[in-house]
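K.L.:
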Amino acid sequence: MTQTASDPNCFTDVAVIGGGPGGATVSSLLAEKGWRVTLFEKDAFPRFHIGESLLPRNLAIFARLGVLDGIRRIGVPKRGAEFIPHIPNRSTRTFYFSEALKPISPYAFQVPRDGFDRLLLDNARHKGVTVHQPATVDGIELDRAGTHELQVRGEEGDRQLWRCSFLVDASGRDSFLGRRLRWKWKNPRNDMAAIYAHFQDGQRRQGPDEGNISVYWFEQGWLWLIPLPGGVMSVGAVCGMDYLRSRRGSLADFFRETIERCPEARDRLTGAHRIGEIHATGSYSYRSRKSYGHRFLMVGDAYTFLDPVFSSGVLLAMRGGELGAETVDQALRRPRRGWLYLRRHQRQMDRAIGRLAWFVYRFHTPAMRELFSLPGAGEVARDRSNLFRMKAAVISLLGGDFFYPRGIRLPLLLFKGVYYVTAMRYRRAPRS
Ligand SMILES: Cc1cc2nc3c(=O)[nH]c(=O)nc-3n(C[C@H](O)[C@H](O)[C@H](O)COP(=O)(O)OP(=O)(O)OC[C@H]3O[C@@H](n4cnc5c(N)ncnc54)[C@H](O)[C@@H]3O)c2cc1C
15 MTQTASDPNC FTDVAVIGGG PGGATVSSLL AEKGWRVTLF EKDAFPRFHI
65 GESLLPRNLA IFARLGVLDG IRRIGVPKRG AEFIPHIPNR STRTFYFSEA
115 LKPISPYAFQ VPRDGFDRLL LDNARHKGVT VHQPATVDGI ELDRAGTHEL
165 QVRGEEGDRQ LWRCSFLVDA SGRDSFLGRR LRWKWKNPRN DMAAIYAHFQ
215 DGQRRQGPDE GNISVYWFEQ GWLWLIPLPG GVMSVGAVCG MDYLRSRRGS
265 LADFFRETIE RCPEARDRLT GAHRIGEIHA TGSYSYRSRK SYGHRFLMVG
315 DAYTFLDPVF SSGVLLAMRG GELGAETVDQ ALRRPRRGWL YLRRHQRQMD
365 RAIGRLAWFV YRFHTPAMRE LFSLPGAGEV ARDRSNLFRM KAAVISLLGG
415 DFFYPRGIRL PLLLFKGVYY VTAMRYRRAP RS
C-alpha cells in the first residue's frame, strides 16, 4: 500500500540514507541521544563490500558503539602494513602500529565487510534505529514545508513518502545528494580505478605478522593482499586509467596479468583459487563541493573518496558519523545556529582529509616510494628515517591520527621537508 507524506507514521526526526559504517555510526549515536532515527538501506545484508582493512583509531569508535567484542570475533588482528617496492636494492618495509609516536593500539583488524556491516547495522537496530531494508531512496524534495521529503522504494516496488527534520546522506560512492545537487566532482589528482576479488588459500605471513596488509608497488599502480578469516585473501589492484584502458582480453585475464606484475604476490597466490566475482570500481576519487546544507549533512564516501592505500575509508566514514551525530544533535536542538555546527563539521573533516591526502597524492612518486622502502626495515632505533621521530609520526598519522594531529605536527613537517628534498633529487637526475 502506498503511504503519503501526511501519514504521521512516516515522519522521523532524522532520516539516514545508507547502512554502511558511516550510516550505522551516525544513526546509532543519534538514537542514543533520544532522537527518532529512520535508516534506509537499499541492499539486503549480508552482501559483498570492499574496504576490509581497518586502523587502530577505529577501535575507540567500536568501543563507544559497544561492538568491539563482536569485531574481535569476526576480524583478523592486523599489527601493521608492509610496503613491497618494485625498485632494485630496496627492501620490504613493515610499519608496525606499536612504533607509532602516539601508540593507540598495537593492532587493528582486517574484517570481511559482509559480517562487519551487518554487525554495525544490527547494533544500530538494537539502539533503537528503525531500519528499512531493502529500501532505496530514489527521490527527494529538500526543505518542503519545513521538512525534507524522501521517496522510498521497497523490495516489491511498493512506495512510501517520508518526511524528516534532518537528513544524513551516508549513501557511499552513490553520493545521493552530491549527484542531485551537482556538487560532486572528480578528483583529477587521483585518476585511478580498482579491480578486486577474494581468493581462497593464498599464502600468509608467518606468526604475529599473519594479519598484516601487504602493499605492492608496480609501475602502473599498487596491489593489496589482505588476509581475512577462513583462509580468504582479499586481492585488489589500483591502477591508472591509461593502464586499465589498455585491457584487451577478459577482466579475469587482465587481473591475473596485473597480479603477475608483482612476482612475490603472484607466488603467494600460486595454488589459491578465486571465490566469487571480480569487481571493478571506476571514477575513483571525488569530493563534493560542500558536505552540508540547510538541515542536511553528508558523511563518509557520500562526501568524499580518497585512494584507500592507507586503509582510511572506514575510519573517515565512522569518525565522520561520530562527529556528525554531535553536529546533527546540536543543529536540531539549536536550529538557528545549525549552520555554525555544520560548517565546523566540514572543517574538521576537511582538515583530516587534507592531512591524509598529502600522502595519498604523493604515494606514486619515486620520492615517496624511496622513503617508504629505505633499507633498515623494522629497526626503529637504527633507522635513519626515524631521526627526529619522523617515521613514528608517519605511523601515527597512518594509524588514524589525521583526526588528532597534536604531538605529531613537527616531525611530520620535517618528513615533508625530507620528501621535497628527495623529490628535487629525482627531478634533477638525468633520465635514463
Ligand atoms: C577499491 C577500494 C578499496 C578499499 N579499501 C579500503 C580499505 O582497505 N580500508 C578502508 O578503510 N576503506 C577502504 N575502502 C573505502 C571504503 O570502502 C569506504 O570508505 C567505506 O565503506 C565508506 O563507508 P560509507 O558508510 O560511507 O559507505 P558504504 O560503506 O559504501 O555504505 C553506503 C551504503 O549506502 C547504501 N545506499 C546507497 N545509495 C542508497 C540509496 N539511494 N538508498 C538506500 N541505500 C543506499 C549502499 O547500499 C551502502 O550499503 C576501499 C574502497 C575501494 C573502492
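Using my numbering, you'd call the opening residue of the sequence shown number 15 and step up by one each time. Glycine included, C-beta positions come from ideal geometry on N, C-alpha and C. Predicted model only: the values in this text are computed from it and were never measured.
So the alpha helix (DSSP H) A381 belongs to, where does it begin and stop?
P.N.:
380–385
K.L.:
How big is the Cα-Cα spacing for R282 and S228?
P.N.:
Annotation: R282 to S228 spans about 11 Å, alpha carbon to alpha carbon.
K.L.:
Could you check which residue in R442, L337, A38, M247 has the C-alpha nearest to that of G285?
P.N.:
M247
K.L.:
With 16 as the cutoff for other CB atoms within 10 Å, does V249 come out buried or exposed?
P.N.:
buried
K.L.:
Within the continuous alpha helix (DSSP H) that includes A2, where are the two ends?
P.N.:
Because the chain in this structure spans residues 15 to 446, residue 2 falls outside the shown range and cannot be described.
K.L.:
With a threshold of 6 Å (Cβ to nearest heavy atom), would P322 be considered close to ligand 1?
P.N.:
yes
K.L.:
Less than 6 Å between the CB of I118 and some heavy atom of ligand 1, yes or no?
P.N.:
no
K.L.:
Since V125 and I85 should fall inside the 8 Å C-beta cutoff, what is the C-beta to C-beta distance between them, to a whole number of angstroms?
P.N.:
7 Å
K.L.:
Between T26 and ligand 3, is the CB less than 6 Å from at least one heavy atom?
P.N.:
No copy of ligand 3 appears in this structure; the ligands present are ligand 1.
K.L.:
For my contact list, I409 and F109 are in at a C-beta cut-off of 8 Å; report their separation, rounded to the angstrom.
P.N.:
Under the criterion of beta carbons closer than 8 Å, I409 and F109 qualify as touching, at roughly 5 Å.
K.L.:
Just to check, is the beta-carbon of G186 closer than 6 Å to a non-hydrogen atom of ligand 1?
P.N.:
yes
K.L.:
Only counting the same chain, and skipping five residues up and downstream in sequence, which positions put a Cβ closer than 8 Å to that of M15?
P.N.:
The pLDDT assigned to M15 is 42, lower than 50, so where the model puts this residue is not dependable; a value taken from the coordinates is nonetheless given after this. Close CB contacts of M15 within its chain, under the 8 Å cut and outside five residues either way in sequence, are with D172 (chain order).
K.L.:
On the criterion of 16 or more Cβ atoms from any shown chain inside 10 Å, does D267 qualify as buried, or is it exposed?
P.N.:
So D267 counts as exposed.
K.L.:
Under 8 Å by Cβ, that's how I've got A149 and F54 pegged, so tell me the actual separation to the nearest angstrom.
P.N.:
That belief holds up - the Cβ atoms of A149 and F54 are roughly 5 Å apart, short of 8 Å.
K.L.:
Would you check if the distance between the CB atom of S14 and the CB atom of P99 is smaller than 7 Å?
P.N.:
In this structure the chain extends from 15 to 446, so residue 14 is not present and cannot be described.
K.L.:
Would you kindly report the start and end of the unbroken alpha helix (DSSP H) that includes L330?
P.N.:
327–347
K.L.:
With a threshold of 6 Å (Cβ to nearest heavy atom), would F130 be considered close to ligand 1?
P.N.:
no
K.L.:
On the CB-based measure, 16 or more other CB atoms within 10 Å of its CB, does I289 come out buried or exposed?
P.N.:
exposed
K.L.:
Which whole-angstrom value is the C-beta distance of Y317 and R203, which I expect to be below 8 Å?
P.N.:
In fact, because the Cβ distance is near 17 Å, the residues do not count as touching under 8 Å.
K.L.:
Return the chain-ordered list of same chain residues with a C-beta closer than 7 Å to the C-beta of R333, the five sequence neighbours on each side being excluded.
P.N.:
I75, F417
K.L.:
When every heavy atom of ligand 1 is checked, does at least one fall within less than 6 Å of the C-beta of I292?
P.N.:
Result no, Cβ not under 6 Å from ligand 1.
K.L.:
Quick one: what does DSSP say G34 is sitting in, helix, strand or coil?
P.N.:
coil
K.L.:
Report the three-state DSSP secondary structure of L134 (helix, strand or coil).
P.N.:
helix
K.L.:
Roughly how many angstroms lie between the CA atoms of G431 and L134, to the nearest whole one?
P.N.:
41 Å
K.L.:
Report the residue from S42, P117, I209 whose alpha carbon sits nearest the alpha carbon of A407.
P.N.:
P117
K.L.:
Would you mind reading off the limits of the alpha helix (DSSP H) that contains I409?
P.N.:
404–410
K.L.:
So, is H359 buried or exposed, given that buried needs 16 or more other C-beta atoms within 10 angstroms?
P.N.:
buried
K.L.:
Under the three-state reduction of DSSP, which class applies to P60: helix, strand or coil?
P.N.:
coil
K.L.:
Using the Cα positions of K92 and G221, report the straight-line distance between them to the nearest angstrom.
P.N.:
12 Å
K.L.:
Check whether the segment 336–343 and the segment 354–373 are in contact - that is, three or more C-beta pairs closer than 8 Å.
P.N.:
yes
K.L.:
In this structure, how does DSSP classify W353 when only helix, strand and coil are distinguished?
P.N.:
helix
K.L.:
Are the beta-carbon atoms of G225 and V90 separated by less than 7 Å?
P.N.:
Yes; because the gap between Cβ atoms is below 7 Å, this pair is in contact.
K.L.:
Would you please state the rounded distance, in angstroms, between the beta carbons of G314 and P70? I believe it to be under 8 Å.
P.N.:
Contact between G314 and P70 does not hold, since their C-beta atoms are separated by about 19 Å, which reaches or exceeds 8 Å.
K.L.:
By alpha-carbon positions, which one of G296, Q344, A331 ends up nearest to R309?
P.N.:
If we check each option's Cα against that of R309, Q344 comes out closest.
K.L.:
Cβ atoms of G36 and A184: under 7 Å apart, would you say?
P.N.:
yes
K.L.:
Quick check: the Cα distance between D193 and V182, rounded to an integer number of angstroms?
P.N.:
Residue identity differs from the one stated: residue 193 is Arg in this sequence, not Asp. Going by the C-alpha atoms only, they are around 15 Å apart.
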